[in-house]
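> Mapping of the sequence shown onto our numbering: residues 6 to 114, in sequence order.
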Amino acid sequence: MNREKFTRLEEIPNVGPSIAEDLRLVGVSHPQDLIGRDPYQMYEELCLKTGEQHDPCVIDVFISAVRFMEGEPQRPWWAYTPERKERLAGGDAFGDAKCSRGRPPEGSR
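(1) Among R8, M6 and V20, which has the Cα closest to the Cα of V66?
(2) Which residue spans inside the segment 68–95 form an unbroken alpha helix (DSSP H) run of at least 4?
(3) Compare the Cα-Cα distances from R80 to each of I68, L28 and E15 and report the closest residue.
(4) What do you reckon, are the CB atoms on P44 and M74 nearer than 9 Å?
(5) Note down the Cα distance separating C62 from F11, rounded to an integer number of angstroms.
(6) Measuring straight from C-alpha to C-alpha, what distance separates M6 and Q46?
(7) Taking only three categories from DSSP, how would you classify T55?
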């Protein structure tokens with residue numbers, strides 16, 4: 006898989022139309038725009054721009070997309086759930102939120 010040739014966000018593993026739209030809302034219009042971005046900051050920006058608290062599993066999808074574009078192997082988004090929970094366990098209100106492991110957030114593949 007030559008990620009350098011990706012031109013659409015939906016070509017990234019775990020990114021479907023809804024997540025692609027979320028990424029566009031935070032200034033990511035091309036797959037290479039993800040390189041060097043902080044998935045947690047992207048999530049916070051998304052929540053601020055939409056005025057709603059999104060499912061924290063969106064962070065997992067953002068992590069998977071950023072890491073994939075930075076060269077890591079393709080992994081399911083839920084592989085990043087333990088990492089997110091550990092990072093947010095320090096008192097963040099949405100750190101304990103749960104998402105269904107076998108079910109992707111709305112709009113992801």
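In this text, a Cβ means the ideal position worked out from N, Cα and C, and glycines have one as well. Bear in mind the structure is a predicted one, so any value in this text is a computation, not a measurement.
Straight from the coordinates:
(1) V20
(2) 86–93
(3) I68
(4) no
(5) 24 Å
(6) 27 Å
(7) helix
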